[in-house]
Every structure is written in C-alpha cells, then in structure tokens.
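Read through the structure below, which is laid out as structure tokens, and then see the notes.
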Amino acid sequence: MPQQVTRLVVLFGVMIAGLVAARSWLIPKTFGAIGHYRAAAIDSVTATKVKYAGHEACAACHPDVAALRVAGRHKSVACEVCHGPGAEHVESPSEKRLSAPRQRGYCPLCHGYDPGRPSGFPQIDPATHNPMRPCVSCHQAHAPETPREPEACGACHGSIARTHSVSNHALIACVRCHQTDKRHKVTPLLSRPTKPTQRAFCGQCHDREASSPKEISRVDLATHEPNYVCWQCHYPHFPEAK
Amino acid sequence: MSDPLPTDTHPVQTDRRTFLRKSLPVALAVASMAEADPPDATKAAPEPQGGSEPDQPRRYNPSEHYYGMAVDPGLCIGCGRCVEACKTENDVPREPFYFRTWVERYTAQADGETTVASPNGGIGGFPPIKEAGVLRTFFVPKLCNQCANPPCVQVCPVGATFTTPDGVVLVDHEYCIGCRYCIQACPYGARFLHPVTRTAEKCTFCYHRIVKDLVPACVEACPTQARIFGELRHRSSPLSRFMRFNNIQVLKPHLNTKPNVFYANLDGEVR
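As given, the protein sequences belong to chains A and B, one line each in that order.
Letter 144 of the first sequence, counting from 1, is numbered 144 in our numbering, and no numbers are missing.
Letter 17 of the second sequence, counting from 1, is numbered 1017 in our numbering, and no numbers are missing.
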C-alpha cells in the first residue's frame, strides 16, 4: 500500500473515531429511540407526582357524602374542586387532612352574578344576598336545594322588567305577549316562552279598527310599513323609544 | 418519525464507498475502544429507566392512544377552578404571568369593539363589568392546543420539545436550552419560560395523569364539565360523542397547526 494512502487511512480513521466518540458523548442516551428527541424525557414527565386523586377516590371512605352529592345539583362538581388536591390524603388519611372553604368568598367564584355565565346558572349578587353570612349557614354544599321558584319574571329578566315598568306598556303583563309554561321557571332553557309572530297581534290594540281605549296610538295596519313586523322598528318593552 | 441518526442514505461515489468500506473496521475498532457503552439506541430505548414494571400491573402503551380535548365555552362559568387545579397539580409558578391553562372573558360591545381580559388567568374570578352597551360576554378556557402539526416542535433547535406517539406535545426539561424559540413560535401563547429552571414550560395534558388512566387536573376540577378529555380515535369515547353532537371548531385554523383541542359552537370573535 502506498505511503500516502496509509497516511490518509490513519487520518480518516482518527477523524471518524473522533466523530463517533463525540456523537456518543454529546448525544444523550435514548435520543432518537422513538423520534427526534430523548425517549427518557417521557419517563421524567410521567414521574411527576399526581396531586389530584380523581373523583372516584373519595367514595370508598366517604360513601355517605358521595351518595348525597351525586343525587344533588352538585353531582358534576368533583370533591377536589372545593376540598383541594387529595392524593396525599388518600395515602395517609389522618396525617394529611383536607379542608373545606367555609368562608363567604368561595362560593361566588361560581355563583356570583356575571353576565358571561350561561343563563339559567344559579347566581346571586354577593353584595346584596344576605351580606356577611357564610353561604354554608343556609345552604348544604353537598346537596344544594333547588332554588325557590322565582315569583315574577323580573327575578331573572331584571333589565327588561325595569325598562318595561316605566314604559307605556307597563300595565301589560308579560304573559299577555309571552305564553309561558310553568316549567320555564325550573328549566328555563328547555321550555321557552313564546313571542308574537304576526303584525295582527299588535293590531289587536293599535289597528285603526281595534276596539281598544282610544288613548292608544293607532296606525292603519294595511298601509303602515306593510313589509315589516312591528318589533323590527318598535321595541315592545319600551315602545316610546325612538 | 424519521431516523435521526444520519446514516449514509445519499448516493455516493464508488471510490469513496470503497474507501469507507475499507476504513469501517478501523473506525469500529477505535469506537469500541473509546466508548465502552456504544449508543445503541434500539437497546436502550424501550425501557430507558427500568424499575417501573413490577409496580404497574398493565404497561401503558402510547401507540394505543391518541388524546384530544374539547371545550364547550357555553358551559364555562369563568370560576377559574381549572387554572387553580393546573397550577397546583403541575407546580406552575403562582405569579400571574405563568399559565399552562387560563380563562379569557370576551366582551363584545355594541360599538363593534371586543375586549379580552384574563386577570390572573381567571383564578380569583372576574371583576364585574358594566352591562350597558355590552352585546354579549362569555368565557373561553385556553390551553396548549397539542397541535398535530406543532410550530413549536418544528423550531426547537435541539429536539427538546416533541410529540409523543399518543399526540401530546411535551418539553424535555433536561435538554431544553431555554432559547425561547418555541415561545415565539406558538401562535396560541401557550408557552412560557419557567422563572427558576429557565426552560420552556407548557401544558402536558397532565401526561403523568393520563398514563395512569386519570383525566387532566383541569378536566377533573371543572364544575360544569366544560372540558371533555378523551380518545380522539375511538368512536365510543366521551370526546368523540361530544364532537359528533356539536358544531366543532379549532382556534386559528388558517395556520394549519391541526390542533387537538377543539371548541364547540365558538363565537366568531374568539381568536
């Protein structure tokens, strides 16, 4: 073998050996075993300690409270939402005890009034709802009772009721225009009140031929903007608004 | 995934190939001398840190799963229990800049303005708003979208963030160099730099929980079941059922990130 080839072989051998050594030293173990990453990283993430034991862990030792909860309106609220993470408590029940939020500030996190909350979700104004009294002094947190049925529509539809009460339509009851089933008070979204659909409905009072008190403003339904229904231009809860 | 070790897949000239073939035994001999424990990936990979087999009766097989989450903003009441649970479960720093999940309140005004607020991620609730002039207001929980085509993984210069076979994007905290490229790349703002470890942090779908058949902490803590977690590829999972029965959207679909977090009946204002 010529001398220059021998030198090249040695030189390349050293370079390749250096490369292999550098790769094995620099590239972590298990890198590339599954993909372009360290496979052992998955195990280090998996090794994180679980702190929330999960909703099934509590019933084994607290069957009475669990049964109470799943029968009531808080059935979808897991125990650890209020009592905090319980994995340690499951392991050593007497040493790591959980607490309950009995102060007044906690329940309004869910039940304080916010216009962004879905309609029908039970909400109160913490400033006016029995101020200073802890919620648990009246409400059983594990099985809160069905809220008392609201007596008037304004209990839920406050802004409409306030506007309506100062309008020319104040003396017209809500149910005159909205046929409302009893069930609407319990399940508001499943049983919705009706709304008028015809021009003739307003015409019962406001048509020129209607047999209503003569102080009521009149239009000729046949010629007064026949292409529109009344509430496209007039707001029925406050009709004098321009 | 492709083989990360660049083997000689390119066509090479015959001379060089002959040379390499001749020098290969030399290189191997030197390598075996220099390295007592060669990086034999196939041997080390399946059980990298052993010792977990006797504890677990049934081994977790990631290829049997593919996870996703659906969020129903119509059910969210903005109580922030998910954020609280996430911070507790994952030891997320308590300062109000670090969130793996957070809740936003959208407020659409009659004048066309839409404002988004998330005071401390929503942990302590939301301050009251003036209702005059508000068209509609609602809450939207946000988290890492666990994209199937993740920009953060694409930009990582060292391979410290990756997608697991079960579809979760994770960060390797021992390998992350804290360059923040992934934080810039994420179009959802779902990543942050941990102030102590100086490595990238993000939602892991509570990977340590889901491998033990538990749901993520935020799903566990949600009192209205606004978050549904489950298998995307099993028709009988609660997630698949929810997705069949609802109008499903993803965030920023035009970016082609293919999120695995889905939103039901999303308002057009949500970004």
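Positions of the beta carbon are idealized from the N, C-alpha and C atoms, including for glycine.
Chain A within 8 Å of residue i, Cβ atoms only
| i | result |
| --- | --- |
| proline 1038(B) | Confidence at proline 1038(B) is low in this model, with a pLDDT of 42, below 50, so the placement of that residue should be treated as unreliable; the coordinate-derived value is given next. By this cut-off, proline 1038(B) is an interface position. |
| proline 1221(B) | Correcting the residue type first, residue 1221(B) is alanine in the shown sequence and not proline. With 8 Å as the cut-off, alanine 1221(B) counts as an interface residue toward chain A. |
| glutamate 1053(B) | Reliability fails at glutamate 1053(B), whose pLDDT of 46 lies under 50, so the model's placement of it is uncertain and the value that follows must be treated cautiously. No, no contact with chain A. |
| leucine 1266(B) | no |
| tyrosine 1066(B) | no |
| leucine 1170(B) | yes |
| serine 1023(B) | yes |
| glutamine 1225(B) | yes |
| glutamate 1131(B) | yes |
| threonine 1088(B) | yes |
| arginine 1059(B) | no |
| glycine 1074(B) | yes |
| arginine 1235(B) | no |
| alanine 1085(B) | yes |
| phenylalanine 1242(B) | no |
Chain-ordered neighbours of residue i on chain B, where CB pairs are closer than 8 Å
| i | result |
| --- | --- |
| leucine 189(A) | Here the premise fails: no neighbours, minimum Cβ distance about 11 Å. |
| histidine 55(A) | Glu1220 |
| cysteine 153(A) | Ordered by position in chain B, no residue passes the 8 Å Cβ test against cysteine 153(A), which lies about 18 Å from the chain. |
| isoleucine 172(A) | Result: empty, since nearest Cβ-Cβ is about 25 Å, beyond 8 Å. |
| isoleucine 160(A) | Within 8 Å Cβ-Cβ: nothing; isoleucine 160(A) doesn't reach chain B, min ~12 Å. |
| serine 76(A) | Pro1223, Thr1224, Gln1225 |
Cutoff 8 Å: residue i Cβ touching any chain B Cβ
| i | result |
| --- | --- |
| histidine 164(A) | no |
| lysine 51(A) | yes |
| glutamate 240(A) | no |
| glycine 116(A) | yes |
| threonine 48(A) | yes |
| serine 167(A) | no |
| isoleucine 16(A) | yes |
| serine 212(A) | no |
Interface residues of chain B facing residue i [CB-CB closer than 7 Å]
| i | result |
| --- | --- |
| phenylalanine 121(A) | Ile1077 |
| glutamate 80(A) | Glu1220, Ala1221 |
| leucine 11(A) | The contacting residues do not exist; leucine 11(A) stays about 10 Å from chain B at best. |
| cysteine 110(A) | Ile1077, Cys1079, Pro1223 |
Within chain A, the residues that residue i reaches when beta carbons sit closer than 9 Å
| i | result |
| --- | --- |
| glutamate 1174(B) | Pro28, Arg38, Ala40, Ala41, Ser44 |
| proline 1093(B) | Going along chain A, no residue has its Cβ under 9 Å from proline 1093(B), so there is no contact; the nearest lies around 15 Å. |
| valine 1134(B) | Pro115 |
Contact test: residue i Cβ vs the ligand FMN heavy atom, cutoff 7 Å
| i | result |
| --- | --- |
| cysteine 1086(B) | Only the bare structure without any ligand can be found here, which leaves the ligand FMN out of the picture. |
Beta-carbon separation (whole angstroms), residue i vs residue j, contact threshold 8 Å
| i | j | result |
| --- | --- | --- |
| valine 1158(B) | isoleucine 1177(B) | 6 Å |
| cysteine 1186(B) | arginine 1081(B) | In fact, because the Cβ distance is near 25 Å, the residues do not count as touching under 8 Å. |
| alanine 143(A) | alanine 78(A) | Their Cβ separation, rounded to whole angstroms, is 15 Å, which puts alanine 143(A) and alanine 78(A) out of contact at 8 Å. |
| glycine 116(A) | arginine 1105(B) | 6 Å |
| asparagine 1283(B) | alanine 1190(B) | Because chain B in this structure spans residues 1001 to 1271, residue 1283(B) falls outside the shown range and cannot be described. |
| valine 45(A) | histidine 1208(B) | 6 Å |
| phenylalanine 1192(B) | valine 1168(B) | About 18 Å; that fails the 8 Å criterion. |
| threonine 1199(B) | valine 1155(B) | Not confirmed; about 15 Å, so no contact. |
Neighbouring residues, chain A, relative to residue i (Cβ below 8 Å)
| i | result |
| --- | --- |
| phenylalanine 1138(B) | Gly116 |
| phenylalanine 1126(B) | Asp114, Gly116 |
| arginine 1105(B) | Gly116 |
What residues from the segment 123-137 of chain A come within 8 Å of chain B, judged by C-beta to C-beta, listed N to C?
none
Is it the case that the segment 1093-1104 of chain B contacts the segment 1229-1249 of chain B, given that we only count it when at least three CB pairs across the two stretches are under 8 Å?
no
Given 8 Å as the limit, is there contact between the segment 1207-1224 of chain B and the segment 49-65 of chain A, that is, 3 or more CB pairs closer than that?
yes
Answer yes if the segment 1169-1185 of chain B comes into contact with the segment 1123-1141 of chain B, meaning at least three C-beta pairs across the two stretches below 8 Å, and no otherwise.
no
Contact set between the segment 1198-1220 of chain B and chain A, restricted to residues whose Cβ is under 7 Å from the partner:
Thr1204, Tyr1207, His1208, Arg1209, Val1211, Lys1212, Leu1214, Ala1217, Glu1220
For the structure I just gave you, are there three or more beta carbon pairs, one from the segment 1250-1265 of chain B and one from the segment 1139-1152 of chain B, closer than 8 Å?
yes
The segment 84-101 of chain A: which residues have C-beta closer than 9 Å to a C-beta of chain B, in chain order?
Gly84, Pro85
Along the segment 1136-1165 of chain B, what residues have a CB closer than 8 Å to any CB found in chain A?
Thr1137, Phe1138, Phe1139, Gly1159, Ala1160, Thr1161, Phe1162, Thr1163, Thr1164, Pro1165
Quick test of the definition: if touching needs 3 or more C-beta pairs under 8 Å, does the segment 1133-1144 of chain B touch the segment 3-10 of chain A?
no
Under 8 Å, with one C-beta from each stretch per pair, do the segment 150-160 of chain A and the segment 125-135 of chain A reach the 3-pair mark?
no
Pairs of beta-carbons, one from the segment 1119-1126 of chain B and one from the segment 1259-1268 of chain B, closer than 8 Å: are there three or more?
no
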